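Protein chains in written order, with the numbering used here: chain A, 1067 to 1430; chain B, 15 to 171; chain C, 380 to 482. Don't be surprised by glycine CBs; every beta carbon is placed ideally from N, CA and C. The model shown is predicted, which means the values in this text are computed figures rather than measured ones. Here the structure is laid out as structure tokens; the discussion comes afterwards.
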């Protein structure tokens, strides 16, 4: 059994940021990451990020990953990193079991930060299991991490930021994006992303959805239909299009499986992306030694995940008896940054979700 | 329009332009119509010509008297939503961000493209700038017909 | 299909990694996951549904969904989208839910 003060599960933007601040405060931590490398989904983001300088705005996502990883490597005396290691069990006495290659390990932590992110939502249509129906994020991983061209001709289902960004990145990789379809009446993501793909010749069509995929062993065609304002299929609106892949980008779901293993209290809050752990202002769950930050506590942009990570690392360190030398300043700064990121129209949803959560957050 | 297709209407586009008589020198046009948390255009401007303020969700406001048309905001905008434009006789000179292959070369004639992705004329490539600080976003100076002032947005080979 | 030119990214040539896929000797490159190498070779079917035996490709590519589970070096249910390719690996398409007795 390995003993650790703070174990951080998930080495994406939230986890890395949490580790940096906790180590700065003098806490020895362990980051456990399932992938062969750190950085989470940042490593496939080739576009410049929004936000302000404090969240590395105008830096490309993959370079933000490098900054966050470097920040952790500066604290090698305090931050231990395990990659290609999957947490397979989490127990109430803070014992974590991990799997690396064929080896199981047990780790006992004083505190745990769960920063496992989110997974891609899926939805029902005929033949949605055919090879060639991919998550938009999966396509992004294939082309931007591994340099593999995912397909030649694709259709994008969903016009949130991921759908719009991945459409642009597919085009950059030389893949023809025939169109982006959106079931709602308006584009879901940032309009600057929408305009950026529209001007390179990718149409965005609202009130349209995919009815079925067609093909024997893989996707060869899709049937697209129009929807009326009551979400019913419009008669004679069917359109068959030749494609070799369908990209699904219909949202993300907080990845909270590990938390269920220790009976953490959760609640369905649609504004935060589905079932989320109930947390207090300090990002503590119903088990006060288990914290969450990033998408697992509510789906948002990576900029917010980074700041949430810093904040949670700061609080977890203090509660372990290691108060950061700039605790007061940083505490206020991180709260202000989050408020600033969430104060526009896109942040309204998150703020509403967090309000709903407060009703249940008597877990301090 | 913008909410359904990603294409802003002409009247919306015009709200971002100064009076034409100000365009004898290049000016930054910030095609940012929606409040999102983002402020690099403002923080990157060396002339303090673009203001967003404390609340980073606010839309950028360009002071056209301070703006020199240098183009730093063009490659600093994460949304690729800024270009500069100047009017020279019968021509409009644009500086646009560009992140696609192949890269244009000086003196080539490319297609001028509008916000719908449609070809609307010719664009002559005047300058192609790529410095390390631009972080892989090309700055392309192109010359198009003056009457494309409110229509032109990008180029296509 | 590999991306050769990209406006933002560079993909320098990497070391070839030879492995076996359903008995055939094929190669990917160092740094690939098994699923990425197979996709580059044009292999889209990685596993099969348990009841109907319908073909399954990958879906999430980050180890969440189990759609890419394959038999690797005799071990079933390996998430090939997060497991790095190694020289000499024996990779097989999976058609059942995986049985310890098969190992």
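Measuring only between beta-carbons, confirm whether residue 1265 of chain A sits less than 8 Å from chain B.
Locating residue 1265 of chain A in the first chain gives position 199, where the first residue counts as 1. Closer than 8 Å to some Cβ of chain B, the Cβ of residue 1265 of chain A qualifies, so yes.
Considering only the alpha carbon of each residue, which of C:409, C:437, C:394 lies closest to residue 1194 of chain A?
Position 128 of the first chain holds residue 1194 of chain A. Minimum Cα distance to residue 1194 of chain A is reached at C:437.
Below-8 Å beta-carbon distance, residue 67 of chain B vs any chain A residue
Start at 1 with the first residue of the second chain, and residue 67 of chain B comes out as number 53. So no, residue 67 of chain B is outside the interface.
Tell whether a beta-carbon distance below 8 Å holds between residue 388 of chain C and residue 1210 of chain A.
Within the third chain, numbered from 1, the residue matching residue 388 of chain C stands at position 9. Within the first chain, numbered from 1, the residue matching residue 1210 of chain A stands at position 144. Between residue 388 of chain C and residue 1210 of chain A, the C-beta gap is smaller than 8 Å, which places the two residues in contact.
Pairwise C-alpha distance: residue 103 of chain B and residue 1110 of chain A
The residue given as residue 1110 of chain A occupies position 44 in the first chain. The residue given as residue 103 of chain B occupies position 89 in the second chain. The C-alpha of residue 103 of chain B is placed about 45 Å away from the C-alpha of residue 1110 of chain A.
Could you please give the first and the last residue of the uninterrupted alpha helix (DSSP H) stretch that includes residue 1324 of chain A?
Indexing the first chain from 1 puts residue 1324 of chain A at position 258. Segment 1323-1326, the alpha helix (DSSP H) holding residue 1324 of chain A.
Kindly indicate which three-state DSSP category residue 386 of chain C falls into: helix, strand or coil?
To locate residue 386 of chain C, count along the third chain from 1; it is residue 7. Of the three classes helix, strand and coil, the one that applies to residue 386 of chain C here is coil, per DSSP.
From the DSSP output, in three-state form, read off residue 73 of chain B for me.
Position 59 of the second chain, counting from 1, holds the residue named residue 73 of chain B. Annotated three-state conformation of residue 73 of chain B is coil, per DSSP.
Determine the burial state of residue 75 of chain B: buried for a count of at least 16 other Cβ atoms within 10 Å of its Cβ, exposed for fewer.
If you number the second chain from 1, residue 75 of chain B lands on position 61. Answer is exposed; the Cβ neighbour count stays below 16.
When you check each C-beta in the segment 380-404 of chain C against every C-beta of chain A, which residues fall closer than 7 Å?
Flagged, chain order: 380, 381, 382, 385, 386, 387, 388, 390.
Starting from residue 17 of chain B, follow its DSSP beta bridges and name the residues at the other end.
Here residue 17 of chain B is taken as the residue at index 3 of the second chain, counted from 1. Beta-bridge pairing links residue 17 of chain B to no other residue.
Coarse secondary structure for residue 1294 of chain A, derived from DSSP in three states:
As a first step, residue 1294 of chain A is located in the first chain; it is residue number 228 there, counting from the start. Coil, per DSSP.
Around the C-beta of residue 1255 of chain A, are 16 or more other C-beta atoms found within 10 angstroms, so that it is buried, or is it exposed?
For the purposes of this step, residue 1255 of chain A is identified with residue 189 of the first chain, where counting begins at 1. So residue 1255 of chain A ends up on the buried side.
Taking any Cβ of chain C, which residues in the segment 1325-1343 of chain A have a Cβ under 8 Å from it, in chain order?
Cβ contacts with chain C: none found.
Can a CB atom of chain C be found closer than 8 Å to the CB of residue 1361 of chain A?
Your numbering for residue 1361 of chain A matches position 295 in the first chain. At a cut-off of 8 Å, the C-beta of residue 1361 of chain A has no neighbouring C-beta in chain C.
For residue 1429 of chain A, does the three-state DSSP call read helix, strand or coil?
As a working mapping, residue 1429 of chain A is identified with position 363 in the first chain. Confidence at residue 1429 of chain A is low in this model, with a pLDDT of 48, below 50, so its placement is unreliable and no value can be given for it.
Taking 7 Å as the limit between beta carbons, can you name the residues of its chain near residue 37 of chain B, skipping five residues before and five after?
Here residue 37 of chain B refers to the residue found at position 23 when the second chain is read from its first residue. Excluding positions up to five away in sequence, the list reads 99, 100, 101.
Ignoring anything shorter than 3 residues or poking outside the segment 1196-1261 of chain A, list the beta strand (DSSP E) runs there in chain order.
1199-1201, 1219-1223, 1242-1248, all fully within the segment 1196-1261 of chain A.
Measuring alpha carbon to alpha carbon, tell me which residue in B:62, B:58, B:49, B:133 is nearest residue 72 of chain B.
The count along the second chain starts at 1 and reaches residue 72 of chain B at position 58. The option with the nearest alpha carbon to residue 72 of chain B is B:49.
With 9 Å as the limit, tell me which residues of the segment 110-130 of chain B have their beta carbon closer than that to any beta carbon of chain E; keep them in chain order.
Looking for chain E here will not work: the only protein chains present are A, B and C.
Buried/exposed call for residue 443 of chain C, threshold 16 Cβ in 10 Å
As a position in the third chain, residue 443 of chain C is number 64, starting the count at 1. Buried: at least 16 other Cβ atoms inside 10 Å.
In chain order, what residues of the same chain lie with their CB nearer than 7 Å to the CB of residue 405 of chain C, ignoring the 5 residues before and after it?
Numbered from 1 along the third chain, position 26 holds the residue referred to as residue 405 of chain C. Around residue 405 of chain C: 398, 420.
Flag this pair as yes or no: are the beta carbons of residue 380 of chain C and residue 1214 of chain A separated by less than 8 Å?
Along the third chain, one-based indexing puts residue 380 of chain C at 1. Along the first chain, one-based indexing puts residue 1214 of chain A at 148. For the 8 Å CB-CB criterion, residue 380 of chain C and residue 1214 of chain A form a contact.
Between residue 1319 of chain A and the rest of its own chain, which residues show a CB-CB distance below 7 Å, the 5 nearest in sequence each way excluded?
Against the first chain, residue 1319 of chain A aligns to sequence position 253. These residues qualify, in order along the chain: 1184, 1185, 1187, 1339, 1340.
For chain A, is any of its Cβ atoms less than 8 Å away from the one on residue 445 of chain C?
As a first step, residue 445 of chain C must be located in the third chain, where it is residue number 66. Under the Cβ criterion of 8 Å, residue 445 of chain C is not counted among the residues facing chain A.
First and last residue of the uninterrupted beta strand (DSSP E) at residue 1274 of chain A:
As a first step, residue 1274 of chain A must be located in the first chain, where it is residue number 208. Judged by DSSP secondary structure, residue 1274 of chain A falls within the beta strand (DSSP E) whose first and last residues are 1274-1280.
If the criterion is Cβ atoms closer than 8 Å, does the pair residue 1113 of chain A and residue 1268 of chain A meet it?
In the first chain, counting from the first residue as 1, residue 1113 of chain A sits at position 47. In the first chain, counting from the first residue as 1, residue 1268 of chain A sits at position 202. The criterion of a C-beta distance shorter than 8 Å is not satisfied by residue 1113 of chain A and residue 1268 of chain A.
Over the uninterrupted alpha helix (DSSP H) stretch that includes residue 129 of chain B, give me the two end residues.
Position 115 of the second chain holds residue 129 of chain B. That residue, residue 129 of chain B, is in no alpha helix (DSSP H); it is neither H nor E in DSSP.
Using the three-state DSSP reduction, which class does residue 1313 of chain A fall into: helix, strand or coil?
Taking the first chain and counting its residues from 1, the one referred to as residue 1313 of chain A is at position 247. Residue 1313 of chain A: strand per DSSP, three-state reduction.
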